[in-house]
Amino acid sequence: MNKNALVEAAAEVLKQNDRGQWTVPSGKLYPHQWLWDSCFIAIGLRHIDPYRAKTELESLLRGQWRDGMMPHIIFSAEHTTFDSLLWDKAHSKHAPGKEATSGITQPPMLAEAVWLVGQKLDPKERKTWFAKMLPHIISYHEWIYKERDPYGTGLATLFHPYESGLDNSPPWMALLRQHGFPWWLKLLDWLHLTSLINLGRRDLKFSPLKERMADNEALALISGVHHLKSKNYDSRKIFKDPFLLVQDVIYNSILVRANEHLIKISKTAEIGLDGNLVFKFSLTKQAIEKLWNDNSQAFNHRNCLNGLLVDVPSIATLLPLFSGAISKDKATKLVEKLKNDDEFFSPYPLPTVPQNSKYFSHFRYWQGPTWISMNWFVYQGLLSYGYKNEAEKLKNKTLELVALSGFSEYFNPITGKGLGADNFSWTAALTIDLAKD
Ligand code: GLC
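Here the sequence shown stands for residues 36 to 472, numbered as in our numbering.
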């Protein structure tokens, strides 16, 4: 399929998933609005219809909490799903009055998406739009620092695997097993009764169990939501009595870049930023390298419950390339991993877990399959460090994969077979962005 045909087919997927003011990640499996999905969607849509891309991002603001938090899901009033029943914003005084949302966040892609959509507007429109979006992005980033980095380390702390966006990625699952299995779940696990949950799982209507999250892990995640809810989603209470506390490499790498975009947006809008906030941005930039683990020779998340780096490999190790804040030396080490066929160089890269890891699976969700969003991040990172050939190769391989297997949620990194939901919006949107680059 040539690039134009691919872009047309991708645009059709986005059209199908368009719900007027916002886009669902996939028509059947995910009927609500997700935070980072809508950012990716806007990044693709800007090439086709920048005004609709603006609306996509403005729609996210309807869910913003009074304290600045951007929730990871805004529920559609037309669909009652397990998710929409599980989260109950009534538990927090900060939740918005009108919209039903979750009580946690997702990686901070908003500033990047606003910046990129802005590049498709004429200068006058761009300035006006940036001025409109800026207060919301500022209060969002202020919230990140105030509520998720109260000790001023520069790195934001996440409370739940869903906040990472990579729900069952092995390092998070290792922490979950260590700290997040309550007694009743250990008992159910021991009695082999955890599969009962599968009877009510929406995702299993569309994909086989072996391609999704394991049942005991899914139950542990739900118990985590209950824990956070019982703390009114209040970070002060959660830091004192956490479910999980993790300085996630991907989240913080995205944050570094988001902060830089925020500065550029404010300059374009000619609206100054608070010096204290900008100082915090500089701390994050410096702190990313603190997630480098000399033992594993990789970037690892930090488990804040014991202060240790989590030596379980995953795609997270490559994401500091996207931050642009690591040394050239470290970037070179990451590029070596990328080219190594025991690690990330699979027939259809990039596997979300290196192939030589004992956790690698060809087909299970975030435990090995290729996701287009991760390829997009690494592609941008390679470009920013001057690895033009490597970037070009990754881009072409990614487009080839989508042309071969369609707009699946994720892909088998060995055979290229599409897995999970079909007609997945961010696969379509980021395909457009890569094809147009
Ligand atoms: C899954 C993914 C998450 C995404 C959501 C909607 O939960 O892990 O990253 O935002 O689906 O597509």
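Beta carbons: idealized from backbone N, C-alpha and C, even for Gly.
Bear in mind the structure is a predicted one, so any value in this text is a computation, not a measurement.
- Task: Quick one: residues in its chain with C-beta nearer than 7 Å to the C-beta of Glu177, no 5 flanking neighbours on either side, listed in chain order?
- Result: For Glu177, the CB contacts under 7 Å within the same chain, skipping 5 residues up- and downstream, are Gly103, Leu312 in chain order.
- Would Tyr65 count as contacting chain B if we go by Cβ distances under 7 Å? In summary, chain B is missing from the structure at hand, where a single protein chain is found.
- Task: With a threshold of 6 Å, establish whether the CB of Trp57 neighbours any heavy atom of the ligand GLC.
- Result: Between the ligand GLC and Trp57, a heavy atom-to-CB distance of less than 6 Å is absent.
- Could you tell me whether the region 413 to 433 touches the region 381 to 392, where touching means 3 or more Cβ pairs closer than 8 Å? The region 413 to 433 vs the region 381 to 392: in contact.
- State the Cα-Cα distance for the pair Pro106 and Arg97, rounded to the nearest angstrom. Between Pro106 and Arg97, the C-alpha separation is close to 10 Å.
- Keeping to the same chain, check which residues put their C-beta closer than 8 Å to that of Ser230; ignore five residues upstream and five downstream. These residues qualify, in order along the chain: Asp250.
- Task: Check whether the Cβ of Asp118 lies closer than 6 Å to any heavy atom of the ligand GLC, and answer yes or no.
- Result: No, Cβ of Asp118 sits at least 6 Å from all heavy atoms of the ligand GLC.
- Query: Can you find a heavy atom of the ligand GLC that lies under 6 Å from the Cβ of Trp69?
  - Reply: Trp69: yes, Cβ under 6 Å from the ligand GLC.
- Query: In terms of DSSP beta bridges, what is Gln68 paired with?
  - Reply: Paired residue(s): Ile109.
- Message: Going residue by residue through the region 320 to 358, where are the continuous alpha helix (DSSP H) segments of at least 4 residues, counting only ones entirely within it?
- Response: Within the region 320 to 358, the complete alpha helix (DSSP H) segments at least 4 residues long are 355 to 358, listed from N- to C-terminus.
- Met200: beta carbon under 6 Å from a heavy atom of the ligand GLC? Just to set this straight, residue 200 is Gly in the shown sequence, not Met. Yes.
- Query: How would you label Asp276, buried or exposed, when you count the other beta carbons within 10 angstroms and need 16 or more for buried?
  - Reply: By the 16-neighbour rule on beta-carbons within 10 angstroms, Asp276 is exposed.
- Item | Near the ligand GLC: Tyr286 beta-carbon under 6 Å from a heavy atom | Result no, Cβ not under 6 Å from the ligand GLC.
- Does the beta carbon of Asp32 fall short of 6 Å from some heavy atom of the ligand GLC? This structure leaves residue 32 out entirely; the chain is present only between 36 and 472.
- Task: Return yes when the C-beta of Tyr26 is under 6 Å from any heavy atom of the ligand GLC, and no when it is not.
- Result: Missing from the structure shown is residue 26; the chain here goes from 36 to 472 and no further.
- Item | Where the alpha helix (DSSP H) through Ile467 begins and ends | Per DSSP, Ile467 belongs to the alpha helix (DSSP H) from 460 to 471.
- Does the beta-carbon of Leu226 have 16 or more other beta-carbons within 10 angstroms, so that it is buried, or is it exposed? Label assigned to Leu226: exposed.
- Identity of the residues DSSP links to Ser61 by a beta bridge: Residue pairing for Ser61: DSSP places it in a beta bridge opposite Tyr65.
- Query: Which one of Glu198, Ile83, Ser288 has the shortest CA to CA distance from Thr140?
  - Reply: Of Glu198, Ile83, Ser288, the residue nearest in Cα terms is Glu198.
- Message: Is the separation between the beta-carbon of Ile350 and that of Gly79 shorter than 7 Å?
- Response: For the 7 Å CB-CB criterion, Ile350 and Gly79 do not form a contact.
- Query: Hey, is Pro106 close to the ligand GLC, as in C-beta under 6 Å from one of its heavy atoms?
  - Reply: Exclusion of Pro106 from the 6 Å shell around the ligand GLC follows from its C-beta lying no nearer than that to any non-hydrogen atom of the ligand.
- Could you pull out every residue in the same chain whose Cβ sits closer than 6 Å to the Cβ of Leu121, ignoring the five residues on either side in sequence? Take Leu121, set aside five residues on each side of it, and the residues of its chain with a beta-carbon closer than 6 Å to its own are Val260, in chain order.
- Task: Just confirm the distance between the C-beta atoms of Trp401 and Ser204, as a whole number of angstroms; I'd bet it's less than 8 Å.
- Result: Right, their Cβ atoms sit about 5 Å apart.
- Message: Helix, strand or coil for Phe379? Go by DSSP, reduced to three states.
- Response: Reduced to three states, the DSSP call for Phe379 is coil.
- Tell me whether Phe117 is buried or exposed, calling it buried when 16 or more other Cβ atoms sit within 10 Å of its Cβ. With fewer than 16 other beta carbons inside 10 angstroms of its own, Phe117 counts as exposed.
- Message: Within a Cβ cutoff of 6 Å, which residues of the same chain sit near Ser270, ignoring the five residues on either side of it in sequence?
- Response: For Ser270, where only same-chain residues beyond five positions count, the Cβ hits under 6 Å are Glu182.
- Message: Classify Arg212: buried if its beta carbon has 16 or more other beta carbons within 10 angstroms, exposed otherwise.
- Response: The residue in question, Arg212, is exposed, as its Cβ has fewer than 16 Cβ neighbours within 10 Å.
- Do you know offhand how far Pro170's Cα is from Ala88's? In this structure, the CA atom of Pro170 is about 19 Å from the CA atom of Ala88.
- Query: Does the Cβ of Pro60 lie closer than 6 Å to at least one heavy atom of the ligand GLC?
  - Reply: Within the cutoff, so yes.
- Query: Apart from the five residues just before and just after Thr303, which ones in its own chain have a Cβ nearer than 8 Å to its Cβ?
  - Reply: So the qualifying residues of the chain are Gly153, Arg161, Lys162, Phe165.
- Message: Pop quiz: Ala191 and Leu290 are said to be a contact at Cβ under 8 Å. What is the actual Cβ separation, rounded to whole angstroms?
- Response: Indeed they touch by this definition, with Cβ atoms about 6 Å apart.
- Query: Under a three-way DSSP split, which group does Thr136 fall into?
  - Reply: Shown here, Thr136 sits in a strand according to DSSP, grouped into three states.
- Item | DSSP three-state assignment for Leu193, whether helix, strand or coil | Here Leu193 sits in strand by DSSP.
- Contacts around Val284, its chain only, beta-carbon distance under 6 Å, and the 5 residues preceding and following it disregarded: Excluding sequence neighbours, Val284 sits near Leu326, Phe334, His336, Ala351, Leu354.
- Give the C-beta separation of Pro196 and Leu256 to the nearest angstrom, bearing in mind that I take them to be a contact with Cβ-Cβ under 8 Å. Taking the Cβ atoms as the reference, Pro196 lies roughly 6 Å from Leu256, within the contact range of under 8 Å.
- Between which two residues does the alpha helix (DSSP H) carrying Ala166 extend? Its alpha helix (DSSP H) spans residues 158 to 183.
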